[in-house]
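The structure under discussion appears below in the form of structure tokens.
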Amino acid sequence: MNVAIIGAGPAGLAAIRHCLEEDVKCVAYEQEGFIGGLRTNLPKELMEFENYPYKPSEEHYITQQEVLDYLHQFAKDFNLFPHIKLNHQVIWVEPLYNGKWSVKVRNTQTDEVTEKIFDGVLLCNGHYTDPFTPFIPGTDRFKGNIIHSQRYRRSDVYKGKRVLVIGGSFSGIDISRLVALEAEKVYLSVNDEKKKSKEKNVINKPVVERFEDHRAIFVDGTEVEIDDVIFCTGYNYNFPFLSEKCQLTIDDNWVKPLYKHLINIEYPSMAIINVTFIVCPFPLFSIQIRFYLALLKGHFKVSKEEMYDDYNQDIIKRIEKKVPNRRAHYIGDQQLEYFEDLAVVANIRRIPRVLGKIFKFFLVHIDKKPAFKILNDEEYEPFFCVT
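Written out as structure tokens, the structure reads:
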């Protein structure tokens, strides 16, 4: 059995590790010349691979460089590099009549294109490459500077400025807090009262109605003078290398049809890792990949009809809750329940329940940068890095 892994970021590295543990041959194609590719704004306990902790440190929120060093050491310790092809871009994936997959890959240094045949395909290329910026009237006439959080690097460039941050997810809360340490004023525009910042030096505002010159006008009629805008509004899902024969469609970031937000129902030997969002990533990668491998190797059985029934039941629940398509793959405070569901269905090793509990606590207290001491697989002690 041979699996193609698309991407050699954290999910791709986890995929190689678990494939090798299951005696599944694999090759990971990475279009860049290096591994990596994950930003961090979570406590390190949620950024660890199974049984592979970070080096002891008093810091609970680690830097991007520390994450990259961790990933390189992980790849080295588990001998993953021989299974990675850097500078190789997957340009086409198509199912074949015999149940296998044709994967065409371009060497980005020589432009040579090769085709390989695989038994399965794991998409681990993430969804942080195509920034989503909502349309707001007047954006083209705004006289200040506008960026997406993808381009955010440092807070000191906003020293003395009036900054509007749009979006109340992880990045919006985190960036508004950091920029507030330097800026004259920071406003956070959110579409949900629950997402308001609790930072003393961050001013909460509702949805932006329009921009005019250096002003932002909000739906409640208030307006403020600003110099810079940072959109923390997420990303568009995009898989341009997938043939139409894969029978996957994207409707405003709802990728369908996926069983458990993971398995291509029409071709179950294909899975997309981490199409879900608002999650604790590294534990998620592990259990999703192990679920996929258990299905691929026949350790548990599920029919197409059963997968569609589960999928449709999930749709009904989301319709009842009036969840828009763009949030179809939202997990959030249901992380623990999602972990448990995958483990039970596939009869695979569980993710320690304490991680799901920690994540739920983190979501409630994100503005205080909670940190944790894990006591056992069920219990933890929280404390705060920001008071």
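Remember, this note's numbering sits 1188 above the position in the sequence shown when you count from 1. We put the CB at the ideal spot given by N, CA and C, even for glycine.
> Using the beta-carbon count (16 or more within 10 Å), is Cys1207 buried or exposed?
Replying inline: Locating residue 1207 in the sequence shown gives position 19, where the first residue counts as 1. Looking at its Cβ environment, which holds 16 or more other Cβ atoms inside 10 Å, Cys1207 is buried.
> Tell me the DSSP bridge mates of Lys1263?
Replying inline: As a working note, residue 1263 is residue 75 in the sequence shown. It is worth fixing the name first, because residue 1263 is Ala in this sequence and not Lys. DSSP output for Ala1263 lists no bridge partner at all.
>> Spatial neighbours of Ser1457 within its chain, please: C-beta separation below 8 angstroms, excluding the five flanking residues on both sides.
In response: The residue you call residue 1457 lines up with position 269 of the sequence shown. Within the same chain, Ser1457 has close Cβ partners Gly1287, Trp1289, Asp1307, Gly1308, Val1309, Leu1484.
>> What ranges does the alpha helix (DSSP H) occupy inside the stretch 1233-1258, keeping only unbroken runs of at least 4 residues that lie completely in it?
In response: none
> Does the count of Cβ pairs from the stretch 1427-1444 and the stretch 1452-1471 closer than 8 angstroms reach three?
Replying inline: yes
> Taking the C-alpha atoms as reference points, what is the distance between Val1396 and Ser1337?
Replying inline: Start at 1 with the first residue of the sequence shown, and residue 1396 comes out as number 208. Start at 1 with the first residue of the sequence shown, and residue 1337 comes out as number 149. Cα to Cα, Val1396 sits roughly 17 angstroms from Ser1337.
> Can Tyr1217 and Lys1292 be called in contact, C-beta distance under 7 angstroms?
Replying inline: Reading the sequence shown from its first residue, position 29 is the one you call residue 1217. Reading the sequence shown from its first residue, position 104 is the one you call residue 1292. No, these two residues do not count as a Cβ contact at 7 angstroms.
> Taking DSSP as the reference, what is the three-state secondary structure of Asp1498?
Replying inline: Sequence index remark: in the sequence shown, residue 1498 carries index 310 (1-based). If DSSP states are grouped into helix, strand and coil, Asp1498 belongs with the helices.
> Roughly how many whole angstroms lie between the Cα atoms of Asn1229 and Gly1360?
Replying inline: To locate residue 1229, count along the sequence shown from 1; it is residue 41. To locate residue 1360, count along the sequence shown from 1; it is residue 172. The alpha-carbon atoms of Asn1229 and Gly1360 are separated by roughly 11 angstroms.
>> Give me the residue from Leu1311, Glu1370, Tyr1249, Glu1525 with the minimum Cα distance to Gly1141.
In response: Shown here, the chain extends from 1189 to 1575; a query on residue 1141 therefore has no answer.
> Count the other CB atoms within 10 Å of the CB of Gly1390; is the residue buried (16 or more) or exposed (fewer)?
Replying inline: Counting from 1 along the sequence shown, the entry for residue 1390 is found at position 202. Residue 1390 is actually Val in this sequence, not Gly. Classification of Val1390: buried, given that the 10 Å Cβ count is 16 or more.
> Over what stretch of residues does the alpha helix (DSSP H) that includes Ala1531 continue unbroken?
Replying inline: As a working mapping, residue 1531 is identified with position 343 in the sequence shown. Its alpha helix (DSSP H) spans residues 1523-1534.
>> Quick check on Pro1241 - is its C-beta less than 7 angstroms from some C-beta in chain D?
In response: Of the protein chains in this structure there is only one, and it is not chain D.
> Ends of the beta strand (DSSP E) at Tyr1455?
Replying inline: Position 267 of the sequence shown holds residue 1455. Careful: Tyr1455 lies outside any beta strand (DSSP E) and carries neither H nor E.
> How should Asn1452 be labelled, buried or exposed, when 16 other C-beta atoms within 10 angstroms of its C-beta is the threshold for buried?
Replying inline: Residue numbering aside, residue 1452 sits at position 264 when the sequence shown is read from its first letter. Buried is the call here.
>> Here's the rule I'm using: 16 or more other beta-carbon atoms within 10 Å means buried, otherwise exposed. How should Ile1504 be labelled?
In response: Counted from its first residue, the sequence shown places residue 1504 at position 316. The residue in question, Ile1504, is exposed, as its Cβ has fewer than 16 Cβ neighbours within 10 Å.
>> Per the DSSP calculation, Arg1478 is bridged to which residue(s)?
In response: In the sequence shown, the residue the question calls residue 1478 occupies position 290. None; Arg1478 has no bridge partner.
>> So if DSSP puts Asp1439 in a beta bridge, which residue, or which two residues, is it bridged to?
In response: Looking up residue 1439 in the sequence shown gives position 251. Per DSSP, Trp1442.
> Between which two residues does the beta strand (DSSP E) harbouring Ala1404 extend?
Replying inline: Along the sequence shown, read from residue 1 onward, the residue named residue 1404 stands at position 216. 1403-1406 is the extent of the beta strand (DSSP E) around Ala1404.
>> In this structure, how does DSSP classify Tyr1285 when only helix, strand and coil are distinguished?
In response: Taking the sequence shown and counting its residues from 1, one reaches residue 1285 at position 97. Coil.
> So what does Asn1295 bridge to, in DSSP terms?
Replying inline: Taking the first residue of the sequence shown as 1, we reach residue 1295 at position 107. Its beta-bridge partners are His1276.
> In terms of residue numbering, what span does the alpha helix (DSSP H) encompassing Leu1366 cover?
Replying inline: By one-based count along the sequence shown, residue 1366 stands at place 178. Unbroken alpha helix (DSSP H) run through Leu1366: 1358-1367.
> Buried or exposed: which applies to Glu1233, given that a residue is buried once 16 or more other Cβ atoms fall within 10 Å of its Cβ?
Replying inline: Taking the first residue of the sequence shown as position 1, residue 1233 is located at position 45. Glu1233 is buried by the Cβ-count criterion.
> Cβ atoms of Ile1324 and Tyr1340: under 7 angstroms apart, would you say?
Replying inline: Position 152 of the sequence shown, counting from 1, holds the residue named residue 1340. Position 136 of the sequence shown, counting from 1, holds the residue named residue 1324. For Tyr1340 and Ile1324, no; Cβs fall outside 7 angstroms.
>> Suppose contacts are defined by Cβ-Cβ distances below 7 angstroms. Is Phe1473 in contact with Leu1530 by that definition?
In response: Working through the sequence shown from its first residue, we reach residue 1473 at position 285. Working through the sequence shown from its first residue, we reach residue 1530 at position 342. Taking 7 angstroms as the Cβ cut-off, Phe1473 and Leu1530 do not qualify as a contacting pair.
> So does the stretch 1489-1502 actually touch the stretch 1554-1572, counting three or more Cβ pairs closer than 8 angstroms?
Replying inline: no
> Pairing CB atoms from the stretch 1209-1224 with CB atoms from the stretch 1517-1530, are three or more of them under 8 angstroms?
Replying inline: no
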